[in-house]
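The number in the numbering used here is simply the position in the sequence shown, starting from 1, with 1 added. For reference, the structure is listed below as structure tokens.
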Amino acid sequence: MFDNKGVQVHYLALGDSISIDRYTGKKGGGAASQLASRLQVRRFDNCARDGWVTFNVAQILPNVSGDPDVITLTIGGNDLLMTAVNQDPQPDSVSDWVAVAAPVLERVRVILDQLVRFEAQIIVCTVYDPTDGEDAYLEDMYLPPNARFGLAAFNKGVRRLARDYGARLSDLEELFLGHGFWSSDPWMVEVIEPNLAGATAIANQWARLVA
């Protein structure tokens with residue numbers, strides 16, 4: 002797409018720690034920073050922050066300046082974690098977890114409603130599973146046994162939203178499978194954060210999506 006090596010590209014990164022450098026051990030090592038470098042962008046606004054949830058992203062959107070050409074959105078994981086840990090009583094059935102994911106997905110929809118005003122390539126991401134589907138590790142994360150139902154419901158909804166809005170889908174759940182925190186080749190540190198290998202894998206996928 003960017004035949005001029007990105008000279009005219011304005012890249013806006015939105016979301017949580019999936020998009021930042023902090024956990025990679027390297028300045029410029031985060032997925033967003035790596036993509037910006039590969040595109041040789043003229044302007045890079047990394048508005049992603051550690052710990053952010055959908056509310057945070059929605060709040061800053063009115064202040065976004067310029068006319069970005071590429072937008073990445075990594076959000077939802079912290080919303081799900083906070084709900085899973087703090088909700089009382091905790092959700093149990095699949096339908097309970099679908100209900101938990103629904104308001105998070107609605108806030109993602111609100112974000113996308115605002116982003117489509119830009120004539121940009123938008124990349125939306127699913128949330129990866131640090132446990133690689135192993136229920137035994139959920140307890141180590143202080144999560145209830147059925148918490149993965151919420152993850153599944155959210156990711157299904159994100160895939161649907163990508164189709165509805167004509168966005169590019171970065172399926173991090175699929176990409177990271179086999180590279181969870183407890184795997185022999187982890188792409189994560191501190192249980193849920195992308196390390197340099199994980200961030201590089203994300204950047205590689207994003208680069209393919211905007212090529």
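Using N, Cα and C, we set each Cβ at its ideal position, and we do this for glycine too. Being a predicted model, the structure only gives us computed values, none of them experimental.
query	result
For Gly16: DSSP bridge partner residues	Thr75
Minimum C-alpha distance to Ala102 - residue among Ser20, Met189, Ala154	Ala154
Other residues of its chain near Gly31: CB distance less than 7 Å, five sequence neighbours each side excluded	Ser20, Ile21, Asp22, Thr25, Ala200
Contact the region 86-94 vs the region 125-139: 3+ CB pairs below 8 Å	no
Cβ distance (whole Å) where Ala202 is taken to contact Trp188 below 8 Å	6 Å
Contacts around Ile193, its chain only, beta-carbon distance under 6 Å, and the 5 residues preceding and following it disregarded	Pro131
Secondary structure, beta strand (DSSP E): runs of 3+ residues fully inside the region 181-205	none
Which of helix, strand or coil DSSP assigns to Val125	strand
For Val128 and Asp76, the rounded distance between their alpha carbons	The identity of residue 76 in the sequence shown is Ile, whereas the question assumes Asp. Each residue's alpha carbon lies about 8 Å from the other.
Nearest-angstrom beta carbon gap, Arg39 and His11 [assumed within contact, 8 Å]	The pair is not a contact, with the Cβ atoms about 15 Å apart (cut-off 8 Å).
Residues near Leu74 by beta carbon distance below 6 Å, same chain, minus five either side	Leu15, Gly16, Val125
N-terminal and C-terminal residue of the alpha helix (DSSP H) that Asp136 is part of	Premise fails: Asp136 is in no alpha helix (DSSP H) and is neither H nor E.
Backbone secondary structure at Leu170 - three-state DSSP	strand
Per-residue DSSP class, three states only, for Asp80	helix
Same chain only: Cβ atoms within 7 Å of Ala49, ignoring 5 sequence neighbours per side	Ala14, Leu15, Gly16, Asp17, Ser20, Ile21, Ala33, Thr75
Nearest-angstrom Cα separation, counted from Leu173 out to Gln206	9 Å
Rounded separation between Arg160 and Lys27 - CA only	31 Å
Boundaries of the beta strand (DSSP E) in which Arg110 is found, first to last residue	Looking at the DSSP string, Arg110 is not in any beta strand (DSSP E); the run it does join, the alpha helix (DSSP H), is 95-116.
Inter-residue CB distance, Phe56 and Arg108 (contact presumed, cutoff 8 Å)	7 Å
C-beta contact flag for Trp98 and Pro90 at 8 Å	no
Distance between beta carbons of Val117 and Tyr166, contact taken as under 8 Å	6 Å
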